[in-house]
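Numbering (this note's numbering), first residue to last: 34 to 270.
So the structure is just underneath, and the comments pick up after that.
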């Protein structure tokens, strides 16, 4: 029987195609090093978070993952379907075999552009959740300028992710967004990433060899500023 998942929109498809290899490396690092089995994970929306979700569901066990990211739901159902087809087991049994990870959707209004849930119900669900790890995606990061998202609908939720108490708060960002400005600043300064968290870390990747000298300089300067303010930054190969 042919399987059909959520039809992907043009915005998300475009974002998924950008820096896909970088996102895979970032996601693999986070799943292997910043999330442990049995953790409660608060996961942001966006294409990078979707890749992280797939890594978590297939490489960690007994997680409780709360997210407004419908792409994470796609990742979960695709992983379940792959296990079912490989093992020839009924759907209800395979779900339990997917490392016993629990996916919880926040609820709220579905935004077709960002393929995410927003609104008061979304915020209320996050307020009730107590995460060990909070993972935030960005569309731009300037140490002295702010941390940015692209859409106006995202701002309220991103501000909550920026301040909710957590053991570990993570910014997951491919290198092209480091040193870049975008439409809406939800985090006034990168240094505030540590507020309400026992630890904070930025995970990104090295610019490729064909990146321009200007972009490399921009990236290196932001990395220097982040490190200089005692925020760990991991640059994956």
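Every residue, glycine too, gets a C-beta built ideally from N, C-alpha and C.
Same chain only: Cβ atoms within 6 Å of residue i, ignoring 5 sequence neighbours per side
{"i": "residue 169", "result": "77, 194 and 204"}
{"i": "residue 166", "result": "68, 72, 74 and 201"}
{"i": "residue 241", "result": "none"}
Assigned secondary structure, residue i (DSSP; H/G/I helix, E/B strand, else coil)
{"i": "residue 172", "result": "coil"}
{"i": "residue 163", "result": "coil"}
{"i": "residue 98", "result": "strand"}
Contact check, residue i vs residue j, beta carbons under 9 Å
{"i": "residue 154", "j": "residue 137", "result": "no"}
{"i": "residue 100", "j": "residue 67", "result": "no"}
{"i": "residue 164", "j": "residue 196", "result": "no"}
{"i": "residue 223", "j": "residue 264", "result": "yes"}
{"i": "residue 248", "j": "residue 209", "result": "yes"}
Rounded distance between the beta-carbons of residue j and residue i, thought under 8 Å
{"i": "residue 259", "j": "residue 266", "result": "5 Å"}
{"i": "residue 216", "j": "residue 226", "result": "Not confirmed; about 20 Å, so no contact."}
{"i": "residue 88", "j": "residue 64", "result": "4 Å"}
{"i": "residue 255", "j": "residue 174", "result": "7 Å"}
Rounded straight-line distance, which links the Cα of residue j to that of residue i
{"i": "residue 95", "j": "residue 149", "result": "24 Å"}
{"i": "residue 135", "j": "residue 72", "result": "11 Å"}
{"i": "residue 180", "j": "residue 239", "result": "19 Å"}
{"i": "residue 187", "j": "residue 144", "result": "10 Å"}
{"i": "residue 132", "j": "residue 86", "result": "13 Å"}
{"i": "residue 97", "j": "residue 90", "result": "10 Å"}
{"i": "residue 29", "j": "residue 190", "result": "What the structure shows of the chain is the stretch from 34 to 270, and residue 29 is not part of that stretch, so it cannot be assessed."}
{"i": "residue 102", "j": "residue 79", "result": "7 Å"}
{"i": "residue 105", "j": "residue 230", "result": "24 Å"}
{"i": "residue 69", "j": "residue 84", "result": "17 Å"}
{"i": "residue 142", "j": "residue 185", "result": "14 Å"}
{"i": "residue 108", "j": "residue 192", "result": "25 Å"}
{"i": "residue 228", "j": "residue 162", "result": "18 Å"}
Sequence-distant residues of the same chain with beta carbon closer than 7 Å to residue i, five excluded per side
{"i": "residue 251", "result": "212"}
{"i": "residue 172", "result": "181, 182, 183, 210 and 215"}
{"i": "residue 125", "result": "Bear in mind that a pLDDT of 49 at residue 125, under 50, signals an unreliable position, so the number given afterwards is only what the model happens to contain. Closer than 7 Å at the Cβ level, and outside the excluded window around residue 125, lies no residue."}
Own chain, CB closer than 8 Å to residue i, minus 5 neighbours either side, in chain order
{"i": "residue 81", "result": "56, 59, 60, 170, 205, 206 and 207"}
{"i": "residue 270", "result": "58, 238 and 239"}
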